[in-house]
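Just below is one structure, and these are the notes that go with it.
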DNA sequence: TTTAATACCTAAGCGTTTTAGGTATATTTG
DNA sequence: CAAATATACCTAAAACGCTTAGGTATTAAA
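Chains as they are written, first to last, in full-length UniProt numbering: chain A, 1 to 111; chain B, 1 to 111.
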């Protein structure tokens, strides 16, 4: 992507969906996973950690600390509300893409 | 859409693309056009007018006033830079959708 | 004649992200 | 072995883009 950033508002969708796929993840792991599968979408820690804290505050995620060697990881998983919200977010994104296609009068994917 | 809003950053893409399709448009016309073809994407005037002013300031659009009866409309059209940026923005959006599909591991459109 | 639609605009506030740091442990490399 | 890089968490100021909530004025509809 020319512009360095992802479209604002999509970070939460990414987090929730990754946690739907993986059951338990810690913050740094999420940044690496995104880098691995979608190299153009840089998610920065400055955005990620506040987003995780907000999702936890909204009871969409729960957190638990796990010690690995001498280092502590904070693992997150979806709550029931989080699972529901994850589905909603995905639908929002699908709707957005469809509406954009109507306006742009072109398909947004080749697949 | 559940959430009332569009993904942040997409408004500029919408404006530029509509002006690619229509040559000349005024602000209010843009709001109505979007409402007409994508009823779920509400673009508000409070967002639109500052966005138009910024695009004009960045020399992607030029503006000219036209009197229609006793009422003045401010018509915008793309500059050469604007045409280039319009293409870039569309490519950015396409890239974004493709990268999101990789992360979500699902297609975002049925078409 | 009041309301709704057309047509422009601004400004405060809000939420999300960027930018730019900070701490500490573990591993790699020169 | 020392220094650099990677892992792992975090915060805070600032920028950014949008929402919300106004404002003015003209024209059309109820």
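Don't be surprised by glycine CBs; every beta carbon is placed ideally from N, CA and C.
Terminal residues of the beta strand (DSSP E) in which residue i lies
i: residue 62 of chain A; result: 61–68
Cβ shell of residue i (< 8 Å), same chain only, five flanking positions each side left out
i: residue 19 of chain B; result: 25, 61, 76, 77, 78, 82, 86
Terminal residues of the alpha helix (DSSP H) in which residue i lies
i: residue 54 of chain B; result: 45–57
i: residue 22 of chain B; result: 10–22
i: residue 102 of chain B; result: 80–104
i: residue 33 of chain B; result: 27–37
For residue j and residue i, the rounded distance between their alpha carbons
i: residue 88 of chain A; j: residue 17 of chain A; result: 11 Å
i: residue 2 of chain A; j: residue 38 of chain B; result: Any answer about residue 2 of chain A is weak, because its pLDDT of 48 lies below 50 and its placement is not dependable; what the coordinates show is given next. Going from the Cα of residue 2 of chain A to the Cα of residue 38 of chain B covers about 26 Å.
i: residue 33 of chain A; j: residue 42 of chain A; result: 11 Å
i: residue 110 of chain A; j: residue 90 of chain B; result: 14 Å
i: residue 84 of chain B; j: residue 23 of chain A; result: 43 Å
i: residue 51 of chain B; j: residue 101 of chain A; result: 21 Å
i: residue 53 of chain A; j: residue 29 of chain A; result: 16 Å
i: residue 103 of chain A; j: residue 14 of chain B; result: 7 Å
Strand pairing of residue i, partner residues [DSSP]
i: residue 71 of chain A; result: A:68
Sequence-distant residues of the same chain with beta carbon closer than 6 Å to residue i, five excluded per side
i: residue 66 of chain B; result: 73, 75
i: residue 63 of chain A; result: 56, 74, 76
Outcome for residue i when other beta-carbon atoms lying within 10 angstroms are tallied against a minimum of 16
i: residue 10 of chain B; result: buried
i: residue 106 of chain B; result: exposed
i: residue 69 of chain B; result: exposed
i: residue 92 of chain B; result: buried
i: residue 44 of chain B; result: exposed
i: residue 99 of chain A; result: buried
Cut-off 7 Å between Cβ atoms - residues of its own chain near residue i, not counting five sequence neighbours on either side
i: residue 47 of chain B; result: 11
i: residue 97 of chain B; result: 108
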